[in-house]
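Beneath this line is the structure, given in C-alpha cells, with notes to follow.
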Amino acid sequence: MTRKYLYVMLSLVIGFTSCSKEESLIVDEEGLLPKPTSSFTYTIPDPKDPFTVKFNNSSTNFVDSRWSFADDSTSSETSPTHTFLNTGVYDVKLVSLNEEGYWAQREETVSILPMDLVELIATPSGGSLRMSYETDMTIDKTTWFTKLGSADYQQESDAAEMILNIPPGEFVNSYVELMTPKGSKTRIDMLLMASGIVKDLTTVENDFSVSHENDGGKEAGEGSLKLIDNNINSKFLLFRIDQIGGPFHWQFEYFQRQIINAYTMTTGNDALGRDPKNWDMLASNDGENWVTLDSKDDYIFPTTGGPDNNGRKATYTFTFDNATPYHYYRLQVRAVGSGTLFQMGEFRMLQLPL
Numbered sequence: 151m152t153r154k155y156l157y158v159m160l161s162l163v164i165g166f167t168s169c170s171k172e173e174s175l176i177v178d179e180e181g182l183l184p185k186p187t188s189s190f191t192y193t194i195p196d197p198k199d200p201f202t203v204k205f206n207n208s209s210t211n212f213v214d215s216r217w218s219f220a221d222d223s224t225s226s227e228t229s230p231t232h233t234f235l236n237t238g239v240y241d242v243k244l245v246s247l248n249e250e251g252y253w254a255q256r257e258e259t260v261s262i263l264p265m266d267l268v269e270l271i272a273t274p275s276g277g278s279l280r281m282s283y284e285t286d287m288t289i290d291k292t293t294w295f296t297k298l299g300s301a302d303y304q305q306e307s308d309a310a311e312m313i314l315n316i317p318p319g320e321f322v323n324s325y326v327e328l329m330t331p332k333g334s335k336t337r338i339d340m341l342l343m344a345s346g347i348v349k350d351l352t353t354v355e356n357d358f359s360v361s362h363e364n365d366g367g368k369e370a371g372e373g374s375l376k377l378i379d380n381n382i383n384s385k386f387l388l389f390r391i392d393q394i395g396g397p398f399h400w401q402f403e404y405f406q407r408q409i410i411n412a413y414t415m416t417t418g419n420d421a422l423g424r425d426p427k428n429w430d431m432l433a434s435n436d437g438e439n440w441v442t443l444d445s446k447d448d449y450i451f452p453t454t455g456g457p458d459n460n461g462r463k464a465t466y467t468f469t470f471d472n473a474t475p476y477h478y479y480r481l482q483v484r485a486v487g488s489g490t491l492f493q494m495g496e497f498r499m500l501q502l503p504l
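The working numbering numbers the first residue of the sequence shown as 151 and each following residue consecutively.
Dropping the structure here:
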C-alpha cells in the first residue's frame, strides 16, 4: 500500500510540474515593448544651399531608422542630413523599428522647385535680348542653351548672362542650368522672343474641358488630356466629327483672368487630313458672351518640319493682338482637312511679352 501510494503521489507531482512548465511557454503575441511611432520634420539650414536638407527624427519607442529619399539613396542615421542633386518633388519615407521588429512609417513631401529658387530677368535692348537671373543660391557653374525648331540644343554661354539676337516674330527655345558647389542642378526652360520671355499658361490654375471626348475617355491613350500633356509624341483623337452637327471645341476656364495672345498647335503623327483647317480662338468673362480673337480659314499645315521633316509632330505658333484678361478661352474647330476624324498632338496657351 505504501509503495502504491508513493507512486500515485509521484505521478501527481510530475503532472503538476508538466502543467506548470506548459503554461510558462505562453507568448504574448502583441509584444512586451511599447510600439514605435514614426515622425519627422525637416529644415534647410542654409538658404544658399536649398538642396541640402536636415531631417529631425521625432519618432518614439524605436531603435532603428530606415530612410528613403526617393532619389535612389537611403540612410540608417537617426536624423540624417541629405543633399538632393536635382530639383523635384520627393516623397521622403522614414520607417522606425523597435527591438521586437515592430515598425511604423511616416512620409513627408520635400519640394525643391526651380521657380522658387531662381528668377529669370529678360532685358530687351537695341535689337538684342539679355537674359540673366537672380537667386539666393551659391552658384558654381552657369550654362545657357538654345535651339531653333527641331534642332538639338547647343551651348550658348557659360557666363552669368546670355545675349541673343532674335529676329522679330521668331521664337527661341532655351534653358539655363545652374550648378551648386555640391553638384546639385537647377534647370529652367523658357521660350524667348525679341521682346522677352513667353509664359506658358496651359496648365496654370484652370479647368480644361472639351465639348466632345475620345471614345475611351479623357485619360485614354488618345483622350483629350493628351492635348495638354506637353508631349508631342501623344495625341488627342476624335472620331465621327461629321455626326457632331457643328463645331467642336476645347476650353480653358482660368480661376484668375489671364491675358492670352498666342497659342501653339502640334500636328499629329500621321494623316494630314485630320489636321484642323478652319478654327477660331474665342474669349469670354462670363462663359456666355464670346469675342473672337483669332480665326483661320482654309489653313494648310506645311508638309515639312518636325522630327522627320514631314510636317508631322511639328509645332506652329499663332499670335494675335490681345491685352484684355479673360476667364474663358475656347478653341473652336469648324472643319478639318478631310475625312471624319480629328487629331492634334499638342496645344499650348501662351502669353507673349506686352
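Here a beta-carbon is modelled for each residue, glycine too, at the ideal position from N, C-alpha and C.
- For Met431, the enclosing beta strand (DSSP E) begins and ends at 426-434.
- Our two residues, Phe398 and Asn472, have alpha carbons roughly 23 Å apart in a direct line.
- Annotation: Asp458 is outside any beta strand (DSSP E) and is labelled neither H nor E by DSSP.
- Between Ile391 and Phe492, the C-beta spacing is below 8 Å.
- Contact check for Leu387 against Glu363 fails: the beta carbons are separated by 8 Å or more.
- Shown here, Met265 sits in a helix according to DSSP, grouped into three states.
- By DSSP's assignment, Trp217 forms a beta bridge with Ser225, Leu244.
- Short of 7 Å from the beta carbon of Asp420, and not among the five residues preceding or following it, lie these beta carbons of its own chain, in chain order: Arg462.
- Here the segment 181-198 does not lie against the segment 312-321, with fewer than 3 beta-carbon pairs under 8 Å apart.
- The way I'd put it, the segment 326-341 does touch the segment 263-270; three or more beta-carbon pairs between them come closer than 8 Å.
- In this structure, the beta-carbon distance from Asn428 to Ala485 falls below 8 Å.
- When rounded, the separation of the alpha-carbon atoms in Lys349 and Thr231 is 36 Å.
- According to DSSP, Thr202 shares a beta bridge with Thr233.
- It is roughly 13 Å from the alpha-carbon of Met287 to the alpha-carbon of Glu327.
- In this chain, Asn419 is not harboured by any beta strand (DSSP E), its DSSP state being neither H nor E.
- In the DSSP annotation of this structure, the continuous segment of the beta strand (DSSP E) that includes His477 starts and ends at 476-486.
- Residue ranges of uninterrupted alpha helix (DSSP H) with 4 or more members are absent from the segment 375-403; none lies entirely inside it.
- The Cβ neighbour count for Asn248, taken over all protein chains shown within 10 Å, is at least 16; the residue is labelled buried.
- Per the DSSP secondary-structure output, Ile271 pairs in a beta bridge with Ser282.
- A straight-line Cα-Cα distance of about 7 Å links Phe219 and Tyr240.
- Note on Gly367: under 16 other CB atoms within 10 angstroms of its CB, so exposed under the neighbour-count rule.
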